[in-house]
Amino acid sequence: MKIFLQVSNSVSIMNIARYIIRLFCFMALSFPVHAIAAPSVAASIKPLHSLVSAVMDGIGKPFLIVQGAASEHSYQLRPADAQKLASMNLVFWVGPQMETFLIKPLENLSAQAEVIALSDTPGMHFLDMRDGGNFEKHQHAYEHGGQENHADLHFWLDPQNAKTMVRFIAAKLALKDTEHAALYHRNAEAYEQRLDNLIKETTNELLAFHKYPFIVFHDAYQYFEKRFGVNATGSITVNPVQVPGVKRIAEIHEKVKKLDSVCIFSEPQFPPRLVQTVIEGTYAKSGVLDPLGADLSEGPEQYIILIRNIAASLKSCFGS
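Structure (structure tokens):
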């Protein structure tokens, strides 16, 4: 009898244990497991946003600050966007010399938020601004360690710099969000490979056009020029958001005649009639370049398409 009770008790305990295990399994299946959320991330302009989007692919989507076809030189932050910006954990921007409209809003972020100027990315290749000869005086200077070194801040137009930034962005995100660190780094490596392919593709595409001189309205393209061997011979305006007056247009017209360039490239914000006035009576053809890809959809593909579009615009004008 005593043996029977012991066996019976053992069976009961085993049944209870099985019931508890089944109960826990049922509860685990009934209640979804919530993944750890990605940090709230913002990026100032479309090319930088594209790089951040590529690194965050499959984890989260960054917020784009400069929306639509607006220029970072003249953007005014909307109240709703300022409120959204205030909730960010990480903000990537070029730096205070470029997006001046962001200086005060970024000062109002929480103490836990991190603001990352990509102009401070280790290992970046910088070029000095072109101020002399046929190039107008540039507006933006880069200051590092309290010393102004007059670097051109359109550094994203060199895909080699984009590769450097992608690695830096991944490292910053991995520190902030250790749960997804491995995926950030994998995404960065995959995108770097795409950028390597882009460099090879664009180099081959522009190989036949190294000796074709051209003029740009706004001197924003020398990183692209140096990477791919094309040859801008001058720029014709200082302020990319201010349309030149009648006197200035006449001066520009004389400059175009003097430089005898094959093509003159404006940007989307300049009216087409202005371009026609500038090239009238010369042999120059006109085209449009956009250093931001402002009309392109935001996301990981934006940067790749931006570089391809600049190459295509050059080829189209040179070959016409």
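Be aware that the sequence shown starts at 8, since it is given in the numbering used here, and climbs by one per residue. For every residue, glycine included, the Cβ atom is placed at its ideal position computed from N, Cα and C.
C-alpha gap between residue i and residue j, whole angstroms
i      : j      : result
Met63  : Ser51  : 16 Å
Ile66  : Gly75  : 24 Å
Val73  : Leu84  : 8 Å
Arg315 : Val122 : 30 Å
Asp302 : Trp163 : 17 Å
Ala120 : Ala49  : 11 Å
Arg201 : Val173 : 12 Å
Leu97  : Leu160 : 21 Å
Tyr219 : Ala45  : 47 Å
Phe70  : Leu58  : 12 Å
Val237 : Asp226 : 14 Å
Thr240 : Ser117 : 46 Å
Gln167 : Leu109 : 26 Å
Gly306 : Tyr198 : 13 Å
Ser47  : Phe99  : 11 Å
Leu134 : Pro279 : 30 Å
Phe221 : Asp267 : 9 Å
Gln276 : Ser94  : 32 Å
Ala6   : Glu287 : The structure shown does not extend to residue 6, since the chain is modelled only from 8 to 327, so the question has no answer here.
Val263 : Ala291 : 8 Å
Gly252 : Leu296 : 21 Å
Asn115 : Lys233 : 38 Å
Gly102 : Thr185 : 26 Å
Ala124 : Ala215 : 36 Å
Phe231 : Arg137 : 14 Å
Ala195 : Lys179 : 12 Å
Gly326 : Arg193 : 40 Å
Lys265 : Val223 : 15 Å
Ala158 : Glu274 : 22 Å
Ala177 : Asp203 : 17 Å
Simplified DSSP state of residue i, which is helix, strand or coil
i      : result
Gly326 : helix
Phe277 : coil
Ser37  : Because Ser37 carries a pLDDT of 46, less than 50, the predicted location of this residue cannot be relied on, and no value is offered for it.
Ala227 : coil
Tyr149 : Residue placement at Tyr149 is flagged as unreliable, the pLDDT there being 40, under the threshold of 50; the coordinate-derived value follows with that caveat. Looking at Tyr149 - three-state DSSP - the assignment turns out to be coil, as it is neither helix nor strand.
Val295 : strand
Ala44  : coil
Ala188 : helix
Ala301 : coil
Glu287 : coil
Asp203 : helix
Leu266 : helix
Ile66  : coil
Pro251 : coil
Pro166 : helix
Leu313 : helix
Leu213 : coil
Residues of its chain near residue i, where Cβ-Cβ distance is below 6 Å and the 5 sequence neighbours each way are ignored
i      : result
His260 : Val285
Ala181 : Ala188, Tyr191
Ile206 : Pro166
Phe175 : Thr128
Glu106 : Ser51, Glu79, Trp100
Tyr82  : Val73, Phe108
Beta-ladder partner(s) of residue i, from DSSP
i      : result
Leu71  : Ala50
Ala239 : Phe221
Phe272 : Val223, Gly294
Ala181 : Beta-bridge pairing links Ala181 to no other residue.
Ala158 : Asp135
Near the ligand SAH: residue i beta-carbon under 7 Å from a heavy atom
i      : result
Lys292 : The ligand SAH is absent from the structure shown, which contains no ligands of any kind.
Proximal residues to residue i (C-beta, below 8 Å), its chain only, five neighbours per side dropped
i      : result
Ile256 : Leu281, Thr284, Val285
Ala318 : Thr209, Glu212, Leu213, Phe235
Cβ shell of residue i (< 7 Å), same chain only, five flanking positions each side left out
i      : result
Pro112 : Leu84, Ala89, Leu92
Phe300 : Phe is not the amino acid found at residue 300; the sequence shown has Gly there. Cβ within range, chain order: Lys53, Pro54, Gln309, Ile312, Leu313, Asn316.
Thr171 : Thr128, Gly130, Met131
Gly294 : Cys270, Phe272, Ser320, Ser323, Cys324
Gly153 : Its pLDDT being 39, under 50, Gly153 is placed unreliably by the model, and the measurement read from it follows with that caveat. Once the five neighbours on either side are set aside, Gly153 has no close Cβ partner at all.
Phe142 : Asp226, Gly241, Ser242
His56  : Ala50, Pro69, Leu71, Glu305
Thr289 : Val263, Lys264
His298 : According to the sequence displayed, residue 298 carries Pro and not His. His161, Leu164, Ala227, Tyr228, listed in sequence order.
Quick one: which unbroken alpha helix (DSSP H) runs of 4-plus residues sit fully inside the region 79 to 143? Chain order, please.
Whole alpha helix (DSSP H) segments, 4+ residues: 86 to 92, 110 to 114.
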